[in-house]
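In what follows, a structure is listed as structure tokens, so that the remarks can point back to it.
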Amino acid sequence: MKKLLYHFDTDLVPSVFDSVVAYDGGADHVTQYAGIHEDNCSKLVEGAIYTRAPKHKKNTAIFIGGSDLAAGQSLLEAVQRNFFQNFRVSVMLDSSGCNTTAAASVALISRTTSLQDKIAVVLAGTGPVGQRVAMLLAQGGAKVRLTSRKQERSIAACSEMAKRFGVSLEPIEASDTNSITTALEGAQVVFGAGKAGIQLLEASHWQQHATIEVLADVNTYGSPGFEGILMTDHDMERFGKRIFGGLGIGALKLKLHRACVEKLFASNDHVLDADMIYEIALDMAHSE
Numbered sequence: 496m497k498k499l500l501y502h503f504d505t506d507l508v509p510s511v512f513d514s515v516v517a518y519d520g521g522a523d524h525v526t527q528y529a530g531i532h533e534d535n536c537s538k539l540v541e542g543a544i545y546t547r548a549p550k551h552k553k554n555t556a557i558f559i560g561g562s563d564l565a566a567g568q569s570l571l572e573a574v575q576r577n578f579f580q581n582f583r584v585s586v587m588l589d590s591s592g593c594n595t596t597a598a599a600s601v602a603l604i605s606r607t608t609s610l611q612d613k614i615a616v617v618l619a620g621t622g623p624v625g626q627r628v629a630m631l632l633a634q635g636g637a638k639v640r641l642t643s644r645k646q647e648r649s650i651a652a653c654s655e656m657a658k659r660f661g662v663s664l665e666p667i668e669a670s671d672t673n674s675i676t677t678a679l680e681g682a683q684v685v686f687g688a689g690k691a692g693i694q695l696l697e698a699s700h701w702q703q704h705a706t707i708e709v710l711a712d713v714n715t716y717g718s719p720g721f722e723g724i725l726m727t728d729h730d731m732e733r734f735g736k737r738i739f740g741g742l743g744i745g746a747l748k749l750k751l752h753r754a755c756v757e758k759l760f761a762s763n764d765h766v767l768d769a770d771m772i773y774e775i776a777l778d779m780a781h782s783e
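Residue numbers (our numbering): 496 to 783.
The structure is reproduced here in structure tokens:
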């Protein structure tokens, strides 16, 4: 029986990247739907859960993507509201690659140092990846500072994650050299989640910093977000710090994404959100 993956994308144009990785993860056929949200998904979900016998339902799965994490979360909840008894299929949320990228990043960081009681700074952290990284770092025991160029955006993101995940994050404005220096005071872990081509740190911010142990930056286009690192760095030591660049993280992210798609077809009751995806990432990172 063919493994069918239904890709519900909250954007008006579905992601080609997610389609390719779905096939590489073992789907026999991927059907993409654009502009899907909590109010128009029910008929699609019903088609997925009613059409195959119980023993074959594991061969149907749903992937939720798109650039809007809040919309993706709402869609995930709406999809699950249509499930009952054994009338369900496995579902995965990965808006803008947030869960797989964040899980891979934090798993690699945790391999290099314990997160317990460490001060971690997530720069430009109000986007999907930054939010998920901040949450996972906090759940791992770190004291997390989440920065934005605008204080109100940082406050809003921290408040939302406190309500959704029960984690306590410190919102900080980091918009210039002085405020970035202040945000980094006493930090051991620094993560960059900025947009492509935007430099978040100058070399002088981190190379001689007394407490920083690990830096990770997910930028994979243009120049790295941290001056003085390479996108290909994968647990590279520079100036006494362990460094992960965007492509160095990306290898595990892609491997993880494919593994999660494969897991969707192992049973019909998996819900792959940040926590479960992170568990898979930890196993993969620590077995490298």
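For glycine and all other residues, C-beta sits at the position ideal for the given N, C-alpha and C. Because the structure is a prediction, the values reported are computed rather than measured.
query: Can you give, in chain order, each stretch of the alpha helix (DSSP H) that sits fully within the region 602-649 and has at least 4 residues?; result: 623-634
query: Taking the alpha-carbon positions, what's the residue 524 to residue 676 distance?; result: 49 Å
query: Which whole-angstrom value describes the C-beta separation of residue 516 and residue 767, a residue pair presumed to lie in contact below a C-beta threshold of 8 Å?; result: Going by Cβ atoms, the distance from residue 516 to residue 767 rounds to 13 Å, so no, they are not a contact pair.
query: Taking 7 Å as the cut-off, is the CB of residue 526 close to at least one heavy atom of the ligand GTP?; result: No copy of the ligand GTP occurs in the structure displayed, which carries no ligand at all.
query: Answer with buried or exposed for residue 741, where buried requires no fewer than 16 other C-beta atoms within 10 angstroms of its C-beta.; result: buried
query: In or out: residue 686 buried (at least 16 other Cβ within 10 Å) or exposed?; result: buried
query: Nearest-angstrom Cα distance between residue 630 and residue 711?; result: 16 Å
query: Take residue 650 and list the residues in its own chain whose beta-carbon comes closer than 8 Å to its own, dropping the five residues that flank it on each side.; result: 666
query: Given this structure, state the Cα-to-Cα distance separating residue 533 from residue 540, to the nearest angstrom.; result: 11 Å
query: Looking only at C-alpha atoms, which of 505, 663 and 601 sits nearest to residue 589?; result: 505
query: Under three-state DSSP, which class holds residue 737?; result: strand
query: Kindly list the residues whose CB is nearer than 7 Å to the CB of residue 566, restricted to its own chain and excluding five residues on each side of it in sequence; keep chain order.; result: 505 and 532
query: With the cut-off set at 8 Å, would you say residue 744 and residue 570 are in Cβ contact?; result: no
query: Determine the closest residue to residue 669 out of 555, 556 and 694, with distance taken between C-alpha atoms.; result: 694
query: Give the single residue among 707, 520 and 607 whose Cα lies nearest to the Cα of residue 616.; result: 707
query: Specify, as a first and last residue, the run of the beta strand (DSSP E) that residue 677 falls within.; result: Element bounds for residue 677: not the beta strand (DSSP E) but the alpha helix (DSSP H), 672-678.
query: Please report the residue range of the beta strand (DSSP E) in which residue 517 lies.; result: Element bounds for residue 517: not the beta strand (DSSP E) but the alpha helix (DSSP H), 511-519.
query: So, do the region 711-722 and the region 637-650 have three or more beta carbon pairs nearer to each other than 8 Å?; result: no
query: Using the beta-carbon count (16 or more within 10 Å), is residue 612 buried or exposed?; result: exposed
query: Once DSSP output is grouped into helix, strand and coil, what is the label at residue 502?; result: strand
query: Have a look at the DSSP bridge pairing and note the partners of residue 711.; result: 686 and 739
query: Would you check if there are 3 or more beta carbon pairs closer than 8 Å linking the region 574-586 to the region 720-733?; result: no
query: If you run the structure through DSSP and keep just helix, strand and coil, what is residue 760?; result: coil
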